[in-house]
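To start, the structure under review is shown below, and the notes come after it.
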Amino acid sequence: MLLEAAIGVMGAGIGAGLVAIGAGLGIGNLAGKALESMARQPEASGNIQGAMVLTAAFIEGVALFGEVVCLLAVLAGK
Amino acid sequence: MKYLKAGNIRLFWVTTFVYLFLIFNSLQFLQASDSHAAAQGGEIDVAGIMIHHVTDTHDWHFFDLPGEGHYEAISIDLPWLIYDNRTGLSVYPTTEDLLHSGKYILEHGKVAPISFEVTSINQLAHHVEEDFKNAGGKNIELDSLYWVNLFAREHYVLVQDHNPNIPPRLYKLDMESTVLDLSLTKTSLQMVLVGLAMILVFISVAGYYSRRKGQGPKGLQSFVEPVIVFIRDQIAIPHLGEKKYARFLPYLLTLFFFIWFSNLFGLTPLNSNIAGNISVTLALAILTFIITLFSASRSFWGHVFWFPGVPLPVKFLMMPVEIVGMFTKPFALTVRLFANIAAGHLMLLALIGLIFILGKGGQSVVGGLSISPLTLAFGLFIYCLEFLVAVVQAYVFTLLTAVFIGQAMADHSHDHAEDHSSTDHALAGGSHH
């Protein structure tokens, strides 16, 4: 019983880490590309920034789903 | 005025942030009530305090002062307003009054109606007799399984007081009565306060506009005006169109300022966590959802139920996908705002909690002191980041609301060719861009 709970908590921790990796890769990629295109075309910065924030919000949304699930897994194990 | 040099102003802001951070977080921790401290044998239950902060309660707890042998809670008890089909509507000023009424108990913070407290074994023996009768004289084994079944069936509840020295009490729940808890909780009271602050700010700003027609903005006006113009020019017009944006601008502005103000309120030392409550964000998302549905064009419904320009089998495949997609958008809005704000608050509390964990609740001074510089540095960083998150999350919620409404209003019937390539049904809610 204790082992099961411990594995559950461990899974939640590992899951949170994986979520962070995924979101980091996604947002890093996004911001990198956006900065690149801003450097190429500074006059389009405004549009690029808006689209970047919107997309980052989507990526973040998925990441936060994951984090909430991990949090629930920890709390359910208590 | 000579003191107001740029360097001094910067110093002023830095000190303000440091003080706000310290006050905010230490007060959250003084909320460690005597039950937390007593149950853990002097150690402070950090996880309990963190959970307590993000959940909604019936008292507005500011901090605790050390009294004689216990902590004195400095808090406002919010009244319970309860509708019960036995007695009708009744008000109990404090939680103690509610429990002393003998009609209710609190089960995980929720009100449950009881018929009586079980004080003698005879009351239980009555049920055993009934069971023997119902079983038609067959033998019933009074093993632990029998008691578990009996308790599950008859809905007895064992209530343990916060104080471990008081023995638990057994109650029988009243299964016939329904109870509706209509009380104003901590979060709803704080929402009302934020609403009042917004009314004050915007009435005074509106007054400026009517009194100073044609002149430059002044005072509060010059603080609010750029934000309003930003939302109009960067959010409303690009996504809703020149013609139709004016209808939705009031909603977008209300949304933005409500989320922003409540997030800022959450960063004061007043134990507030409005947008970090999933019910609040769900309500906001449902409003957006309703407005989206009511402003949807014919072609939006066409895309949902009978996707144009694809073979017939794919139309049937697309229908459930589109319907699910309709609901994931408000769901994503709900979770994004809730998780961002709650996670920020939890992170701050966890960082400060490190001091109490390593300091063993005051027993190990070295442990507490060694971790404090790290806590201060990281905590201060996250605290400043939270001010950014407060405005970014308000912006994102407003932006996505505008995007969803604009998407639903758009008439796609003429531009099918490029439209389908950009229709994504991602979990986070797609956007046509």
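Order-wise, the sequence lines are chains E and C. One rule links them: number in the working numbering = place in the first sequence (from 1) + 57. One rule links them: number in the working numbering = place in the second sequence (from 1) + 3. Built from N, CA and C at the ideal position, the CB exists for glycine as well.
Would you mind sorting residue i into buried or exposed? The rule is 16 or more other CB atoms within 10 Å of its CB.
i	result
E444(C)	There is no way to answer for residue 444(C), as the model of chain C reaches only from 4 to 436.
K106(C)	buried
T18(C)	exposed
G347(C)	buried
N152(C)	exposed
D414(C)	exposed
N274(C)	buried
V313(C)	exposed
L48(C)	A small fix is needed here, since residue 48(C) is Asp in this sequence, not Leu. It is buried - the Cβ of D48(C) has at least 16 other Cβ atoms within 10 Å.
L336(C)	buried
F115(E)	buried
V197(C)	buried
E157(C)	exposed
E61(E)	exposed
H39(C)	Residue placement at H39(C) is flagged as unreliable, the pLDDT there being 49, under the threshold of 50; the coordinate-derived value follows with that caveat. That one is buried.
A88(E)	exposed
H103(C)	exposed
W304(C)	exposed
S36(C)	With a pLDDT of 44 at S36(C), under the threshold of 50, the modelled position of that residue is not reliable, and the figure given next carries that caveat. S36(C) is buried by the Cβ-count criterion.
E132(C)	exposed
R339(C)	buried
N280(C)	buried
A133(E)	exposed
S373(C)	exposed
E110(C)	exposed
Residue i CB to nearest chain C CB: under 7 Å?
i	result
V66(E)	no
Considering just the uninterrupted stretch of the alpha helix (DSSP H) at residue i, what are its terminal residues?
i	result
H55(C)	49–57
G79(E)	59–97
I202(C)	189–214
H130(C)	124–137
G409(C)	368–412
W304(C)	301–308
S282(C)	281–297
E99(C)	98–103
R250(C)	248–269
G107(E)	102–133
I240(C)	240–243
P490(C)	Lying before the first or after the last residue shown, residue 490(C) is absent from chain C, which here runs from 4 to 436.
Kindly indicate the opening and closing residues of the beta strand (DSSP E) around residue i.
i	result
P113(C)	Here residue 113(C) turns out to be Lys, not Pro, going by the sequence shown. Start and end: 113–121.
E325(C)	Unbroken run through E325(C) is the alpha helix (DSSP H), 315–361; no beta strand (DSSP E).
R172(C)	172–176
G91(C)	91–95
I85(C)	83–87
E110(C)	107–110
D184(C)	182–184
L161(C)	159–162
So, is the C-beta of residue i closer than 7 Å to a C-beta in chain E?
i	result
R250(C)	no
V57(C)	no
V338(C)	yes
A438(C)	Beyond the ends of chain C as shown, which are 4 and 436, falls residue 438(C); an answer cannot be given.
A200(C)	no
A155(C)	no
A353(C)	no
A342(C)	yes
A335(C)	yes
For residue i, which beta-bridge partners are listed by DSSP?
i	result
S78(C)	H64(C)
Say yes only if the C-beta of residue i is nearer than 6 Å to one or more non-hydrogen atoms of the ligand ADP, and no if none qualify.
i	result
L121(E)	Absent from the structure shown: the ligand ADP. Ligands present: none.
So which residues of chain B does residue i contact, with C-beta pairs closer than 8 Å?
i	result
A346(C)	Any reference to chain B falls outside this structure, whose protein chains are E and C.
Could you please tell me which residues of the segment 114–132 of chain E, in chain order, have their CB closer than 7 Å to any CB of chain C?
A114, F115, E117, G118, V119, L121, F122, E124, V125
Members of the segment 85–96 of chain E that neighbour chain C once the beta carbon cut-off is set at 9 Å
none
For the segment 399–418 of chain C, list every residue whose C-beta sits within 8 Å of some C-beta in chain E, in sequence order.
V399, L402, L403, V406
For the segment 69–80 of chain E, list every residue whose C-beta sits within 9 Å of some C-beta in chain C, in sequence order.
none
Closer than 8 Å between beta carbons: that is the criterion. Which residues of the segment 230–263 of chain C meet it against chain E?
Q237, P241
Residues, ordered as in the chain, of the segment 99–111 of chain E that lie near chain C by beta-carbon distance below 8 Å:
G107, A108, V110, L111
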